[in-house]
Structures are given as C-alpha cells and as structure tokens.
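Colleague: Residue numbers (the UniProt record's numbering): 27 to 480. Built from N, CA and C at the ideal position, the CB exists for glycine as well. In this text the structure is predicted, and so the values were computed from the model without any measurement.
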Ligand code: GLN
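#1: Among 443, 435 and 416, which has the Cα closest to the Cα of residue 465?
#2: Using three-state DSSP, classify residue 424 as helix, strand or coil.
#3: Using CA coordinates, which residue listed in 399, 356 and 241 is at the minimum distance from residue 301?
#4: I'd like to know whether the C-beta of residue 389 is nearer than 8 Å to at least one C-beta of chain B.
#5: Is residue 453 buried or exposed, if buried means 16 or more other CB atoms sit within 10 Å of its CB?
#6: Determine the contact status of residue 266 and residue 404, defining contact as a CB-CB distance below 8 Å.
#7: Considering only residues of the same chain and omitting the five flanking positions on each side of residue 157, which have a CB-CB separation below 7 Å?
#8: Taking 8 Å as the limit between beta carbons, can you name the residues of its chain near residue 71, skipping five residues before and five after?
#9: Would you call the segment 119 to 136 and the segment 97 to 107 touching, i.e. three or more CB-CB distances under 8 Å?
#10: Determine the DSSP secondary structure at residue 193, reduced to helix, strand or coil.
#11: From what residue to what residue does the beta strand (DSSP E) around residue 176 run?
#12: Start and end of the alpha helix (DSSP H) containing residue 478?
#13: What distance in whole Å lies between the Cβ atoms of residue 430 and residue 212, which are believed to be in contact at a cut-off of 8 Å?
#14: Leaving out the 5 sequence neighbours to the left and right, which residues in its chain are closer than 7 Å to residue 255 when beta-carbon positions are compared?
#15: Do the segment 415 to 426 and the segment 146 to 153 touch if we need at least three Cβ pairs shorter than 8 Å?
#16: In the DSSP output, what is residue 218 paired with across the bridge?
#17: For the alpha helix (DSSP H) that residue 313 lies in, which residues bound it at each end?
#18: Can we count residue 208 as close to the ligand GLN, meaning its CB is less than 7 Å from some heavy atom?
#19: Below 8 Å CB to CB, which residues in the same chain sit around residue 379 once its five sequence neighbours on both sides are set aside?
#20: Roughly how many angstroms separate the alpha carbons of residue 350 and residue 335, rounded to a whole number?
#21: Please work out which residues of its chain come closer than 6 Å, Cβ to Cβ, to residue 480, disregarding the five sequence neighbours upstream and downstream, and give them in chain order.
#22: Quick one: Cα of residue 83 to Cα of residue 342, how far?
#23: Just the Cα atoms here: how many angstroms apart are residue 46 and residue 381?
#24: Can you tell me where the beta strand (DSSP E) holding residue 298 begins and where it ends?
#25: State the Cα-Cα distance for the pair residue 229 and residue 337, rounded to the nearest angstrom.
#26: Alpha carbon to alpha carbon, what distance is there between residue 204 and residue 401?
#27: Could you compute how far the alpha carbon of residue 140 sits from the alpha carbon of residue 427?
#28: Taking Cβ positions, are residue 407 and residue 460 nearer each other than 8 Å?
#29: Going by CA-CA distance only, name the one from 231, 263, 237 and 261 that's closest to residue 249.
#30: Taking the beta carbon of residue 279 as the centre, do at least 16 other beta carbons fall within 10 Å, making it buried, or is it exposed?
#31: Would you kindly work out how many angstroms separate the C-alpha atoms of residue 177 and residue 52, rounded to a whole number?
#32: Keeping to the same chain, check which residues put their C-beta closer than 6 Å to that of residue 477; ignore five residues upstream and five downstream.
#33: Is it right to say residue 362 is buried, meaning 16 or more other beta carbons lie within 10 angstroms of its own, or is it exposed?
#34: Is the Cβ-Cβ distance between residue 40 and residue 162 less than 8 Å?
#35: Hey, could you find the ends of the beta strand (DSSP E) residue 407 is sitting in?
#36: Could you spell out the range, first to last residue, of the alpha helix (DSSP H) harbouring residue 461?
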C-alpha cells in the first residue's frame with residue numbers, strides 16, 4: 027500500500043486518481059495486516075486497489091466524473107466495494123472516468139482526461155474509456171487492480187488499450203447497487219487487472235447475489251480461479267464472420283488469426299460461425315443506452331445531489347433545474363439525454379426505442395443459436411485499433427468515437443460475459459487486445475480459455 031501511494035504521488039501526469047484516500051488506505055492496510063497475522067486472510071486481504079469514480083464509496087467523493095455530483099459524499103457503500111472491503115481489500119482512491127461512463131477515451135471527464143502510460147514518441151494517448159483511469163492506474167502499477175464498469179465496452183476497450191485484462195461478467199452477476207446508473211439493462215461492473223488469474227480472484231469477491239438489485243441473479247458464485255485450468259482441449263471456439271469489418275487494419279486481422287492459432291495449438295477446435303445481426307448492434311445500442319440514460323439522469327435536478335446553479339432573483343424551480351443541468355452536465359451527457367428523450371417521446375417510441383429493443387432480441391438470439399450448436403466461446407478482436415491520440419477523435423464527430431465499441435456492444439446487448447486479454451503489440455509497439463465471449467454464467471470456463479490465450 028505504501029509503495030502504491032508513493033507511485034500515485036509521482037504519477038500525477040497520468041491523471042488516473044482523482045480522489046486520494048491515503049489515510050483510509052493505511053487504516054485498511056493495518057487492519058489487513060492484523061488479519062493476516064491472525065491467520066484470517068481472505069482472497070483480497072491487503073491488496074491495494076483503485077475504485078472507479080462511478081462506485082458510491084461511503085464518505086468518499088463519488089462524482090461519476092461529472093460536475094453535477096460535485097460535493098456528493100455517499101452515506102452508503104456500493105455492494106461491490108463492500109464485498110471487496112469485507113475480503114480485506116485496500117482502497118487507494120477513486121479513479122478517473124468519462125462523465126457518467128459515457129465515452130471511449132476518458133475525455134468527457136470533469137477532471138480532464140486520464141493519460142495512457144503507453145506512449146509513441148511524445149504523442150500522448152488515451153487509455154480508452156470509460157474506465158480510463160482504472161486502466162491507466164493498473165497499467166502504470168499505481169495499484170494491483172481496479173474496479174471498472176462496462177455498458178458497451180468500458181472495461182474491455184481500456185484494457186485492450188493498455189495491455190491489461192478486463193472482464194465484464196454476465197449481466198446480473200455483480201450487484202449494481204451503489205453503482206451510479208448509466209443504462210441499467212446494460213451496466214455491469216468487473217475487475218481490471220494485470221493477469222487473467224488476478225481477474226478470476228477479484229471477480230469472485232466482487233460477485234454476489236444482492237436483493238437490493240432486482241436484476242441480481244441468485245446463483246452460487248464458483249471458485250473462478252479453480253475453474254481456470256487453461257485446459258481447453260476439445261473446446262469449440264467460434265470465429266464470427268461478421269466481425270471481419272471492411273477496412274479492418276491488417277495487424278488486427280493478423281492478431282485475430284494468431285489468437286485462433288494459439289487456441290488451436292492448445293487443443294481447441296476453431297469453427298467459423300455467423301452472428302447475422304451484428305451490424306445492427308451499434309445503432310441499436312446508441313438508441314437503448316441513451317434512452318435509459320435520459321431516464322436515469324432525470325434524478326440530477328439540483329435538489330437531491332451535488333451541484334446546484336446560482337439563481338437569479340425571480341428564478342423558480344424550472345430555472346433551477348435548467349440552469350443546474352446545463353452547468354452540471356457536459357456536452358456528451360447532454361447529447362445522450364437529448365437523444366434518449368427523443369427516442370422515448372410519444373411520436374418516436376415505436377420507430378426507435380421499440381425497434382431497437384426488437385433488434386436486441388435478435389442479437390441475443392444469434393448468440394443463443396451459436397451456443398446451442400455447441401460453441402463454447404467466441405474469439406474476436408477487442409477494438410478496431412490500438413489506443414489513439416488524445417484529442418484525435420473528439421475533434422472529428424461523435425459517431426467516430428461510437429465506432430470504437432463495434433466489437434464490444436453486442437456482448438452487453440446479449441448480457442453475456444466477455445473478457446479482453448492482451449494479445450501483442452502493433453507496429454508502433456502499442457498493446458492490442460483480443461476478446462473472448464462466453465456462455466451466460468460460465469465465467470470460469472471463459473477465464474480458462476482466456477488463460478490459454480494469455
Ligand atoms: N463507449 C460506450 C458509450 O459511450 C460504452 C461506455 C461504457 O461501456 N460505459 O456508451
């Protein structure tokens with residue numbers, strides 16, 4: 027813990043940690059030390075972690091990267107951080123992220139962007155987003171692991187951009203209680219770590235059935251580490267042809283082929299598969315996610331949480347809402363609220379929102395068919411490119427940024443587990459990741475295949 031705190035002090039330029047909790051960390055570390063000495067050391071005992079700012083942590087600022095939650099100190103602890111603390115984990119502080127987890131580059135954060143520790147010459151790169159601070163901190167050894175959340179790829183894309191491991195478990199595996207909501211039917215938390223084994227250990231602690239989250243699944247949590255044998259002999263790994271996007275860089279294609287060859291060498295059978303509705307996933311996601319966000323974000327009204335605008339004489343409650351939300355939300359969040367409100371409005375509900383939900387069912391069915399045909403896991407690239415330069419995408423148009431999620435959103439739409447594993451370097455020496463998608467509730471099996479790839 028001490029050496030991490032020191033490393034954090036020296037790494038201010040990465041802008042990964044946005045709230046520091048050194049005293050809490052030392053207290054937790056001392057308590058963990060006593061537990062270890064007493065012979066009672068659960069899995070996470072004494073392990074210094076970073077926590078994404080989206081998690082509510084008791085008495086510690088939890089701003090979800092937004093100005094609107096300025097000054098918000100939760101009076102409660104999220105279920106996931108409670109689980110981690112009960113297992114002896116140490117919290118070093120809160121990590122930078124895109125505002126309300128909307129983004130793919132950590133550039134929509136009120137704290138300013140986080141920076142990727144990987145560099146090409148002097149070009150500063152994004153660590154990805156929205157869990158950009160988590161990825162940057164893990165990759166730069168500022169903590170042993172971090173929590174992340176993933177609504178459309180926010181764990182897997184930053185993991186791929188920083189050469190780290192990130193798993194989004196099956197929807198319902200980890201409690202969403204105390205995690206600031208973005209799009210509730212898609213949001214899942216998961217660990218971001220340096221290795222597949224670390225991910226297995228941390229995931230087990232994070233998962234639990236939680237009656238406080240109505241979508242939490244009442245299933246036993248297996249010992250993922252024990253299931254992670256790396257023995258994939260006889261497993262069927264599917265390669266979906268629809269993920270071979272037009273204009274895909276040859277190095278991504280090569281990485282994908284190498285990954286498949288590695289799994290084949292380890293005894294898996296590689297099969298070509300089809301997920302025919304893939305091309306509709308991104309447009310449907312960018313209807314469903316903003317729709318849910320516009321509803322979830324209605325609660326930030328200047329009354330109950332965080333920031334409230336200074337009012338002029340004569341202003342009433344409507345002006346208070348308007349001014350607070352105009353000042354408190356950044357441009358990307360405002361864009362999503364407007365899109366979401368539009369697609370949910372009476373005249374357009376059927377044309378957009380309902381249609382997107384029907385598409386979602388078809389996407390889910392694509393996966394169900396493939397798994398029913400005996401496929402155990404699906405291998406795809408994690409991202410369409412390596413980390414891009416800071417500012418390079420924000421200046422173009424928002425749709426360019428949305429295209430980053432092309433390989434990851436399908437997994438959230440179908441509620442499946444997906445893991446990003448570092449798989450090599452591109453020509454510039456930047457990390458690239460591969461993604462494995464698994465059957466629902468079979469994270470252990472998925473981690474085992476990921477282990478074989480690592
Ligand atoms: N980049 C996607 C978005 O902006 C995904 C974000 C996420 O997974 N939280 O919506």
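Modeller: In short:
#1: Nearest to residue 465 by C-alpha distance, out of 443, 435 and 416, is 443.
#2: Assignment of residue 424 by DSSP, reduced to helix, strand and coil, places it in the helix class.
#3: It is 399.
#4: Judged by its chain identifiers, the structure shown contains no chain B, having just a single protein chain.
#5: It counts as exposed.
#6: Between residue 266 and residue 404, the gap from beta carbon to beta carbon is short of 8 Å.
#7: Take residue 157, set aside five residues on each side of it, and the residues of its chain with a beta-carbon closer than 7 Å to its own are 78, 123, 174, 175, 180, 181, 184 and 218, in chain order.
#8: 58, 61, 62, 113, 114 and 115.
#9: Three or more Cβ pairs closer than 8 Å define a contact, and the segment 119 to 136 falls short of that threshold against the segment 97 to 107.
#10: Here residue 193 sits in strand by DSSP.
#11: According to the DSSP assignment, residue 176 belongs to the beta strand (DSSP E) that extends over 171 to 176.
#12: Element bounds for residue 478: 469 to 479.
#13: Cβ-Cβ separation between residue 212 and residue 430: approximately 16 Å, too far for a contact (criterion under 8 Å).
#14: Cβ contact annotation for residue 255 (same chain, cutoff 7 Å, sequence separation greater than five): 474, in chain order.
#15: They touch, by the three-pair rule.
#16: Looking at the DSSP assignment, residue 218 forms a beta bridge with 172 and 192.
#17: 307 to 322 is the span of the alpha helix (DSSP H), which, as asked, contains residue 313.
#18: Because some heavy atom of the ligand GLN lies under 7 Å away, the Cβ of residue 208 counts as near it: yes.
#19: The beta carbon of residue 379 sits closer than 8 Å to the beta carbons of 313, 314, 317, 369 and 370 from its chain, once the five residues preceding and following it are set aside; these are given in chain order.
#20: Between the alpha carbons of residue 350 and residue 335 lies a gap of roughly 5 Å.
#21: 222 and 447.
#22: The alpha-carbon atoms of residue 83 and residue 342 are separated by roughly 33 Å.
#23: Going from the Cα of residue 46 to the Cα of residue 381 covers about 44 Å.
#24: That run of the beta strand (DSSP E) goes 295 to 299.
#25: Approximately 46 Å between the Cα atoms of the pair.
#26: The C-alpha of residue 401 lies about 35 Å from the C-alpha of residue 204.
#27: Residue 140 and residue 427: Cα-Cα distance of roughly 16 Å.
#28: Taking a C-beta distance under 8 Å as the contact criterion, residue 407 and residue 460 qualify as a contact pair.
#29: When only C-alpha atoms are compared, the closest one is 231.
#30: It is exposed - the Cβ of residue 279 has fewer than 16 other Cβ atoms within 10 Å.
#31: Straight through space, the alpha carbons of residue 52 and residue 177 are spaced by roughly 32 Å.
#32: For residue 477, the CB contacts under 6 Å within the same chain, skipping 5 residues up- and downstream, are 222, 254 and 256 in chain order.
#33: The residue is buried, with at least 16 neighbouring Cβ atoms inside 10 Å.
#34: Closer than 8 Å, so yes.
#35: Its beta strand (DSSP E) spans residues 403 to 407.
#36: First-last for residue 461: 457 to 464, but that is the beta strand (DSSP E), not the alpha helix (DSSP H).
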